[in-house]
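Worksheet: one structure, shown below.
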Amino acid sequence: MNLLKFRIVGLLDIEFPSWLKVRTGVNVLRAGKGISPHRVLHMLQTINPPYEIKQVAPFDTLPQYTTYEHQKRRIIPGKKTVAIAIYSTQPSLVEELANIDQSLYATDWVEVGRRRDLSQWMSFVELSESGRWSEIAATLAEILDTVKEHTQPEIATLRQHLRSRHPTDRIKEDLAAELKQQLKVLQPFVAKELQTKFDTCLHIVGRAHRFQQAHQLVYSRLPLFLLVTIKGKKVSLGRTQKNDELSFLVEKWEQKEKETPTDATTILSKEALNTLHLHFPFWFDQKGKFQARKKTAAKRILSDQGLPFTKQLETILACSSALHKAIYGCNPLFLLDLHALECAEKEQNLLFSTLRRFFSAEQQCLMVLPNSSSELHGTPQKGRITNTENISY
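Taken in order, the sequence shown gives residues 20 to 412; the numbers are from the working numbering.
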């Protein structure tokens, strides 16, 4: 799944901020006045982060009130979305979704959001994820007219629904579960000539449940946002120097290995893994088995102060990408925060040359440049990034 566009709500007093389009390769984020671009990266990461979001407080500093027509209103966390991302779907995923519900063959875009109360939501763009009462009301009325002599409580409740429900009412959650049980009671009394209509009615009632199953499938295939930060000349995977996100990936990989061992040669070649750097936390044993070093060694990755920061970056990118592919079967989405980078122009050129070499057309990176590198947005020069798309917030 590729990220197509995103938006962040709440960094400024803007009710409906613009969508920012993202392409493959390296995308440079430039934020407008009053917005911290690296903070945009942190907010975007909450869509699908490599950490337990309840252990982090990503939205604590956002305003608690909003002003509308000179009236101050308190924001309800469970109703206010902070970050929204839209992804494109691959044909193989669409095939799997269509096995759950045929209407999902029309899936092109998937929208995912994160609310202030840390809850997550998903929708299949332009697809109705639940039926409306109007879609089944006429059929139920016709069937119930033929079973007037039956007085089961469930059938009586169906008759009450026909009297009280609005045509636009959505059939989902508690109502869908209740209707499913009531239709099971009604089914033995349905006339043969009405059976096809009844089956259609039952199918509509189950749509919301099937789409929830589809949500779970997409969540399992959703790539993580991996935040790579360079402060001074020190590289880390995450917001701190502890590489906590790397530890998260290592633990996920080890958990998956216990369930379904992976042929690592399909992830990254033996030569590529073993020649990156001595601090790379993986190796092949004598039988060619892909192994992780001890967790303590993984957490100390790149602790050598003498390691050039460009090599730190290359190793972090390769390491986390290989892990992500082993766990999720796809490339991660990289968020590269260089706002605190401190190095000479020659070293910057080497850094961007490394990025240009690493990121292929199949990968995506959203990058914030240091303030001193604003000229990198201009005409590509030797050693600069040439596959850059500039986006503005």
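A virtual CB, placed ideally from N, CA and C, is assigned to each residue, including glycine. Note that the structure is predicted; figures quoted are calculated from it, not measured.
* Helix, strand or coil at Gly251 according to DSSP, with G and I counted as helix -> strand
* From Leu48, Arg189, Met20, Ser239, pick the residue whose C-alpha is nearest to that of Arg26; which is it? -> Of the candidates Leu48, Arg189, Met20, Ser239, Leu48 places its Cα closest to the Cα of Arg26.
* Asked: Helix or strand or just coil, what does DSSP make of His228?
  -> Reduced to three states, the DSSP call for His228 is helix.
* Given a cut-off of 8 Å, decide if Lys98 and Ser149 are closer than it, judged by their beta-carbon atoms. => no
* Asked: Between Lys330 and Leu374, what straight-line distance do the alpha-carbon atoms span, to the nearest angstrom?
  -> 11 Å
* **Rounded straight-line distance, which links the Cα of Phe267 to that of Ala196** => 37 Å
* Exposed or buried, Ser339, counting other C-beta atoms within 10 Å across all chains shown (16 or more means buried)? -> buried
* **Residue ranges of each alpha helix (DSSP H) within the region 177-250, 4 or longer** => 192-205, 214-224, 226-240
* Asked: Grouping DSSP H, G and I as helix and E and B as strand, with all else coil, what is Ala317?
  -> With a pLDDT of only 41 at Ala317, under 50, the local geometry of the prediction cannot be trusted, and the value read off the model is given with reservation. DSSP places Ala317 in helix when its eight states are reduced to three.
* To do: Can you grab the Cα-Cα spacing for the pair Cys349 / Asp218, in whole Å?
  => 39 Å
* To do: Would you list the one or two residues that DSSP bridges to Ala102?
  => Ile27, Arg133, per the DSSP bridge assignment.
* Which residues DSSP lists as bridging Phe143, in chain order -> Val129
* Asked: Leaving out the 5 sequence neighbours to the left and right, which residues in its chain are closer than 7 Å to Gln109 when beta-carbon positions are compared?
  -> Met20
* Asked: On the three-pair Cβ rule with 8 Å, is the region 119-128 touching the region 138-148?
  -> yes
* Leu177 versus Glu168 - alpha carbon distance -> 14 Å
* Asked: Helix or strand or just coil, what does DSSP make of Tyr70?
  -> coil
* Based on the DSSP output, what are the partners of Tyr87 in its beta bridges? -> Gln90
* To do: Report the three-state DSSP secondary structure of Ala359 (helix, strand or coil).
  => Three-state DSSP puts Ala359 in a strand.
* Asked: In its own chain, which residues sit with a C-beta less than 6 Å from the C-beta of Pro186, not counting the 5 before and 5 after it?
  -> Trp152, Ser153
* **Which of helix, strand or coil DSSP assigns to Lys344** => helix
* To do: Compare the Cα-Cα distances from Glu333 to each of Phe378, Gln200, Pro351, Leu360 and report the closest residue.
  => Phe378
* Nearest to Thr65 (by Cα), restricted to the options Arg135, Gln121, Gln274 -> Arg135
* Taking Cβ positions, are Met62 and Pro77 nearer each other than 8 Å? -> yes
* **Among Thr85, Arg42, Leu205, the one whose alpha carbon lies nearest that of Ala175** => Leu205
* To do: Starting from the C-beta of Pro351, find all residues in its chain whose C-beta is less than 7 Å away, skip the five residues before and the five after it, and write them out in chain order.
  => Pro242, Leu243, Leu245, Ser339, Ser340, His343
* To do: Provide the residue span of the alpha helix (DSSP H) that contains Met20, from first to last.
  => Segment: none, Met20 is in no alpha helix (DSSP H) and carries neither H nor E.
* To do: Identify whether Gly257 lies in helix, strand or coil by the three-state DSSP scheme.
  => coil
* **Run of the alpha helix (DSSP H) containing Val59, from where it starts to where it stops** => 56-64
* Take Ala156 and list the residues in its own chain whose beta-carbon comes closer than 8 Å to its own, dropping the five residues that flank it on each side. => Leu181, Arg184, Pro186
* Asked: Buried or exposed: which applies to Tyr238, given that a residue is buried once 16 or more other Cβ atoms fall within 10 Å of its Cβ?
  -> exposed
* To do: Grab the span of the alpha helix (DSSP H) containing Leu370 for me, first residue to last.
  => 364-377
* To do: Given a cut-off of 8 Å, decide if Ala104 and Val75 are closer than it, judged by their beta-carbon atoms.
  => no
* Asked: Rounded to a whole number of angstroms, what is the C-alpha to C-alpha distance between Phe443 and Arg58?
  -> Only positions 20 to 412 of the chain appear in this structure, which leaves residue 443 out of reach.
* **Own chain partners of Val209 with C-beta closer than 7 Å, once the 5 adjacent residues on each side are dropped** => Ile162, Phe217
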